[in-house]
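Undergrad:
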Amino acid sequence: MPWACPESHPIKGYVSRESGLRVYFLPGTRFYEEASPERCYATEEEARRDGSVPARRAEPVDARHGGHHE
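Residues in the sequence shown are numbered consecutively from 0, following numbering that gives the first Met the number 0.
(1) Taking 8 Å as the CB-CB limit, is Leu-20 close to chain E?
(2) Would Asp-49 pass as a contact of Arg-21 if the rule is Cβ separation under 8 Å?
(3) Please classify Ala-41: is it buried, with 16 or more other beta-carbons within 10 angstroms of its beta-carbon, or exposed?
(4) Across which residues does DSSP place Tyr-31 in a beta bridge pair?
(5) What is the DSSP secondary structure of Arg-38, reduced to helix, strand or coil?
(6) Please state the DSSP three-state secondary structure of Arg-21.
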């Protein structure tokens, strides 16, 4: 089961084991629920100041397509 971030810091951040890149996931984006954070951020600005970038495949989930983004 993935770790959760507190409600006050909902953005999940971790270091990619494949690339070594620091990435973050916003609530409501693809893979957010599966992500196990190493850090939690209150804002995107905070995540970026820490050297993180948005996860490449973390597009918003589109409920009209059954959760799949096309």
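We put the CB at the ideal spot given by N, CA and C, even for glycine.
TA: In short, the structure shows the following:
(1) The structure shown contains no chain E; it is built from a single protein chain.
(2) Yes, the Cβ-Cβ distance between Asp-49 and Arg-21 is below 8 Å.
(3) exposed
(4) According to DSSP, which records beta bridges pairwise, Tyr-31 is partnered with nothing at all.
(5) strand
(6) strand
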